[in-house]
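Engineer: Under the working numbering, the first residue of the sequence shown is numbered 192, with each subsequent residue one higher.
For each residue, glycine too, the CB sits at the ideal point set by N, CA and C.
Since this is a predicted model, take the numbers as computed values, not measurements.
Quick one: the structure is below, and I'll ask about it shortly.
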Amino acid sequence: MYFIQPTRTIPNLDQVLNALPSLQMINIEDIHLYDPTVIAIADVQDYLQHQWNLPTVAIAFENEGTALSQAWELGALAGWIWTRLPAHPEHSLLKIDAQYKRNQDSRDLPSAAELQKKLLPNPIELQNYKVETLFKPSAYLSGDWYDYWKISDKEIIFYLADVSGHGVTSSLLTSWMAAFHGRSKTPRELIKKLNGMLVQENIEKHITMIVGVLNLETHALKWSSAGHYPPPIIFEPNQAPRVLNTSSFPLGLTEDLEVEEFELVLNRHARFIICSDGALEPYKGGLNEQFSQLVYHLQNQSFKTPNHVADDIAILSLRRMN
């Protein structure tokens, strides 16, 4: 932190400096040379006159209440009195610095959220199929993620993942998956690759996911689940929904993750839908009742996200068009 040399006489300046021995003394004319994110301590009159951009604790005399008010309006972090410093000023500065950094992080969240959305896959043109998606973070950043890409002229690989917990760490893992899924060609290969990396890094998070590979010509779909709920659902015209239940472990819990692949054929006008567990949130009741309501609304294409959600929601649908 910086202490800006006052331009007016401060009778007890030596006493103040003795109370703040770790601060770096700088001159006003040199402010532009220093890190603009580091907190500065300065005389209130200097701050009002020069109005620099450094986060600042302004110090005033007892009769300068109006000046302190003006300093706060300009963005000063705190106001002290020259003759009545806090009992432990360095400890107080550490608390002010921590709060300042938290506020800065909060201001950065909207930009971080926009950046995360830009990492989502772009719309893709597919022979015989349409990809439909929904992405609704509970806050600025999401721990849910989906991705898809072509692995050949006639095949697409896709996944939907749900990172445990919320917040920045969970959202960073979604970006990690987007960056490091590599050139995997099968559901088992992709799950094994990500699980191995997650276990190796010893990150105290786990990830559930569903991965699939679809042949756009034969309509054969291979898929695997790593501890994910809700299970995939297939909707076909004039047919009851097919719920594809499986049981397995999430990623990040064990090196010896058993991954089973399943295979089916998508009939004409079928929809293969995978969701994160946040999609259950709009519905009341126990887990089975929530899932039944989710299936009903997905089947009737009447699913709606609430304005405010407590959990992230992601949905990925593959619809066969003929």
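Extract the residue ranges of the alpha helix (DSSP H) inside the stretch 321-377, only unbroken runs of 4 or more that lie entirely within it.
Structural biologist: Whole alpha helix (DSSP H) segments, 4+ residues: 359-371.
Engineer: Is the distance from the Cβ of residue 452 to the Cβ of residue 413 below 9 Å?
Structural biologist: In the sequence shown, the residue the question calls residue 452 occupies position 261. In the sequence shown, the residue the question calls residue 413 occupies position 222. For residue 452 and residue 413, yes; Cβs fall inside 9 Å.
Engineer: Enumerate in chain order the residues of its own chain whose CB-to-CB distance from residue 269 is below 6 Å, with the five nearest sequence positions on each side excluded.
Structural biologist: For the purposes of this step, residue 269 is taken as the residue at position 78 of the sequence shown. Excluding positions up to five away in sequence, the list reads 248 and 287.
Engineer: Would you call the CB atoms of residue 407 and residue 318 closer than 9 Å?
Structural biologist: Here residue 407 refers to the residue found at position 216 of the sequence shown. Here residue 318 refers to the residue found at position 127 of the sequence shown. Yes. Within cutoff.
Engineer: With a CB to CB cut of under 7 Å and the five nearest residues on each side skipped, what residues in its chain are close to residue 255?
Structural biologist: Within the sequence shown, residue 255 is the residue found at index 64, counting from 1. Within the same chain, residue 255 has close Cβ partners 235.
Engineer: What residues in its chain sit with their C-beta under 7 Å from that of residue 506, if we drop five residues either side in the sequence?
Structural biologist: Position 315 of the sequence shown, counting from 1, holds the residue named residue 506. Hits under 7 Å: 324, 325, 464, 466 and 470.
Engineer: How long is the line joining the alpha carbons of residue 243 and residue 500, rounded to whole angstroms?
Structural biologist: Sequence index remark: in the sequence shown, residue 243 carries index 52 (1-based). Sequence index remark: in the sequence shown, residue 500 carries index 309 (1-based). Cα-Cα distance, rounded: 40 Å.
Engineer: How far does the beta strand (DSSP E) with residue 507 in it reach, from first residue to last?
Structural biologist: Taking the sequence shown and counting its residues from 1, the one referred to as residue 507 is at position 316. It spans 504-511 - the beta strand (DSSP E) in which residue 507 sits, taken as one unbroken run.
Engineer: Three or more C-beta pairs closer than 8 Å, one from the stretch 212-229 and one from the stretch 192-200: is that the case here?
Structural biologist: Yes, since at least three Cβ pairs between the stretch 212-229 and the stretch 192-200 fall closer than 8 Å, the two stretches touch.
Engineer: Between residue 253 and the rest of its own chain, which residues show a CB-CB distance below 6 Å, the 5 nearest in sequence each way excluded?
Structural biologist: Here residue 253 is taken as the residue at index 62 of the sequence shown, counted from 1. Excluding positions up to five away in sequence, the list reads 272.
Engineer: Let's test the definition: count the other Cβ atoms within 10 Å of the Cβ of residue 428 and tell me whether it reaches 16, buried, or not, exposed.
Structural biologist: For the purposes of this step, residue 428 is taken as residue 237 along the sequence shown, with counting starting at 1. With fewer than 16 Cβ atoms within 10 Å of its Cβ, residue 428 is classed as exposed.
Engineer: Compute the beta-carbon to beta-carbon distance between residue 455 and residue 417, rounded to the nearest angstrom, for a pair I have assumed lies under 8 Å.
Structural biologist: Numbered from 1 along the sequence shown, position 264 holds the residue referred to as residue 455. Numbered from 1 along the sequence shown, position 226 holds the residue referred to as residue 417. About 18 Å; that fails the 8 Å criterion.
Engineer: Please report the distance separating the alpha-carbon of residue 445 from that of residue 390.
Structural biologist: The sequence position of residue 445 within the sequence shown is 254, counting from 1. The sequence position of residue 390 within the sequence shown is 199, counting from 1. For residue 445 and residue 390, the distance between alpha carbons rounds to 7 Å.
Engineer: Does DSSP put residue 237 in a helix, in a strand, or in coil?
Structural biologist: Along the sequence shown, one-based indexing puts residue 237 at 46. The answer is helix: DSSP assigns residue 237 an H, G or I state.
Engineer: Just how far apart, CA to CA, sit residue 494 and residue 488?
Structural biologist: Numbered from 1 along the sequence shown, position 303 holds the residue referred to as residue 494. Numbered from 1 along the sequence shown, position 297 holds the residue referred to as residue 488. The alpha-carbon atoms of residue 494 and residue 488 are separated by roughly 5 Å.
Engineer: Would you kindly work out how many angstroms separate the C-alpha atoms of residue 437 and residue 411, rounded to a whole number?
Structural biologist: For this step, residue 437 is matched to residue 246 along the sequence shown. For this step, residue 411 is matched to residue 220 along the sequence shown. When rounded, the distance between both Cα atoms is 19 Å.
Engineer: Reducing DSSP to helix, strand and coil, say where residue 484 ends up.
Structural biologist: Numbered from its first residue, the sequence shown carries residue 484 at position 293. Helix, per DSSP.
Engineer: Suppose you measure from the CA of residue 207 to the CA of residue 201; what does that come to, to the nearest Å?
Structural biologist: Translated into the one-based positions of the sequence shown, residue 207 becomes position 16. Translated into the one-based positions of the sequence shown, residue 201 becomes position 10. One C-alpha to the other measures close to 9 Å.
Engineer: Alpha carbon to alpha carbon, how far is residue 343 from residue 386? Give it in angstroms, no decimals.
Structural biologist: Position 195 of the sequence shown, counted from the start, is the residue given in the question as residue 386. Position 152 of the sequence shown, counted from the start, is the residue given in the question as residue 343. About 24 Å.
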